[in-house]
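Asker: Numbering-wise, full-length UniProt numbering puts 8 at position 8 of the sequence shown, and it's gapless, one number per residue.
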Amino acid sequence: MENKVYVIGCAENVPEEEYRRYLNPMKTRRYGRLLKRALATALKVIGETGVEHPDAIINGTALGCLEETEYLLNGLALEGEEVSMPTHFMQSTHNTVASLIGIYTHTHGYNCTYSHRKISFECAMQDAFIQMKVGKIRTALVCANDELTPRVKKIFNDLGFGKELVDGNSVPMVGVATDRSVAVMLSTEPGEHPLAEITAVEIWHGVGKEDTAEIKYTAL
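1) In chain order, what residues of the same chain lie with their CB nearer than 6 angstroms to the CB of K216, ignoring the 5 residues before and after it?
2) DSSP state of I137, grouped into three classes?
3) Is the beta carbon of H94 less than 8 angstroms from the beta carbon of T61?
4) Look up L186 in the DSSP assignment and give the residues it is bridged to.
5) Under the rule that 16 or more other beta-carbon atoms within 10 Å means buried, what is L66, buried or exposed?
6) Express the C-alpha separation of M1 and P172 in angstroms, rounding to a whole number.
7) Between the beta-carbon of T41 and the beta-carbon of V14, is there less than 8 angstroms?
8) Just mark A77 as buried or exposed, buried being the case when its beta carbon has 16 or more other beta carbons within 10 Å.
9) Using only alpha-carbon positions, find the residue among P150, Y31, T188, R117 that is nearest to L141.
10) Can you tell me whether R20 is helix, strand or coil according to DSSP?
11) State buried or exposed for D179, treating a residue as buried only when at least 16 other CB atoms are found within 10 Å of its CB.
12) If you drop the 5 nearest sequence neighbours on each side, which residues of the same chain put their C-beta closer than 6 angstroms to that of G9?
13) Nearest to G102 by alpha carbon, out of H53, K133, E70?
14) Leaving out five residues on either side along the sequence, give the residues of the same chain with a beta carbon under 6 angstroms from the beta carbon of V51.
15) I'd like to check one pair, A56 with Y110: are the Cβ atoms closer than 8 angstroms?
16) In the structure shown, what three-state DSSP assignment does K154 receive?
17) Please return the same chain residues whose Cβ sits closer than 7 angstroms to the Cβ of R30, not counting the five positions on each side in sequence.
18) Counting only the same chain and skipping the five closest in sequence on each side, list residues whose C-beta sits under 7 angstroms from that of N145.
19) Using three-state DSSP, classify N169 as helix, strand or coil.
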């Protein structure tokens, strides 16, 4: 018999003024904007649900840590390939966010990152959903994290990308990414106050066109 998959907690875009509730300033002083926001958002939902060590941490990101990538590339362009920038290099990779959450929370289970343009979060959700349905894991922290730096916004605005409506709000878009941090805690147990039950995660691959996805759920 397959397990049911419940959403037991959700957090989005923890504002900068609330970071001190969740982050140690000394430990996070070298973290960039996205890393701090992603970590604070994840820690918020972990605290609210009481699931300190989920069986899986899965992150979806279209473009990774753009700020760190910009610092790294600018340094290489200005100072040559001899420049020593280990921090920016290590934090520029797409799997940095999921790894950082695992390290910060001392969670050593399944840790994975999906990067598939607009449907990166849905890919991450599908992975967690399938593993939970078959009983491989019982809890999962599924995240979506992307950032748009001023330089990237200008470039894409110049190319004709504008904004897109998401849940009725106009948010910056660059065609493949939204500036946001979302953390969702899933569990095979509903707990006292489940938010929703995930019933399916469907992904459609189109030949010559953008892949699409849909997370189907029932609000509780």
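We treat Cβ as the ideally placed atom computed from N, Cα and C, and that holds for glycine.
Fair warning: this is a prediction, and the values are worked out from it, not measured in the lab.
Answerer: Checking against the coordinates, here is how it stands:
1) Position 216 of the sequence shown, counting from 1, holds the residue named residue 216. For K216, the CB contacts under 6 angstroms within the same chain, skipping 5 residues up- and downstream, are T199, A200 in chain order.
2) What you label residue 137 is simply residue 137 of the sequence shown in a count that begins at 1. Coil, per DSSP.
3) One-based indexing of the sequence shown puts residue 94 at position 94. One-based indexing of the sequence shown puts residue 61 at position 61. It is a contact, given that the beta carbons lie within the stated cut-off.
4) Sequence index remark: in the sequence shown, residue 186 carries index 186 (1-based). According to DSSP, L186 bridges with V7, A140.
5) Numbered from its first residue, the sequence shown carries residue 66 at position 66. Per the 10 Å Cβ criterion, buried.
6) On the sequence shown, residue 172 is found 172 positions in, with the first residue counted as 1. On the sequence shown, residue 1 is found 1 positions in, with the first residue counted as 1. The pLDDT assigned to P172 is 46, lower than 50, so where the model puts this residue is not dependable; a value taken from the coordinates is nonetheless given after this. Cα to Cα, P172 sits roughly 43 angstroms from M1.
7) Numbered from its first residue, the sequence shown carries residue 41 at position 41. Numbered from its first residue, the sequence shown carries residue 14 at position 14. Yes, the pair counts as a contact, with Cβ atoms nearer than the cut-off.
8) In the sequence shown, the residue the question calls residue 77 occupies position 77. Taking all protein chains shown into account, A77 has fewer than 16 neighbouring C-beta atoms within 10 Å of its C-beta and is therefore exposed.
9) In the sequence shown, residue 141 corresponds to position 141, counting from 1. Of the listed residues, the one whose Cα sits closest to L141 is T188.
10) Counting from one through the sequence shown, the residue named residue 20 turns up at place 20. Looking at R20 - three-state DSSP - the assignment turns out to be helix.
11) For the purposes of this step, residue 179 is taken as residue 179 along the sequence shown, with counting starting at 1. It is buried - the Cβ of D179 has at least 16 other Cβ atoms within 10 Å.
12) Within the sequence shown, residue 9 is the residue found at index 9, counting from 1. Within the same chain, Cβ atoms closer than 6 angstroms to the Cβ of G9 are found at V45, E48, T49, M185, the five residues on either side in sequence being excluded.
13) Locating residue 102 in the sequence shown gives position 102, counting from the first residue. Per the C-alpha coordinates, the member of H53, K133, E70 positioned closest to G102 is H53.
14) In the sequence shown, residue 51 corresponds to position 51, counting from 1. If we look at V51 and ignore the five residues flanking it on each side, its Cβ neighbours are T139, M185.
15) As a working mapping, residue 110 is identified with position 110 in the sequence shown. As a working mapping, residue 56 is identified with position 56 in the sequence shown. For Y110 and A56, yes; Cβs fall inside 8 angstroms.
16) Position 154 of the sequence shown holds residue 154. Here K154 sits in helix by DSSP.
17) Residue 30 sits at position 30 when you count from the first residue of the sequence shown. Residues T87 of the same chain have their beta carbon placed closer than 7 angstroms to that of R30, with the five preceding and five following residues left out of the count.
18) In the sequence shown, counting from the first residue as 1, residue 145 sits at position 145. Around N145: L34, A38, N59, T61, V97, S181.
19) As a working note, residue 169 is residue 169 in the sequence shown. Residue placement at N169 is flagged as unreliable, the pLDDT there being 49, under the threshold of 50; the coordinate-derived value follows with that caveat. Shown here, N169 sits in a strand according to DSSP, grouped into three states.
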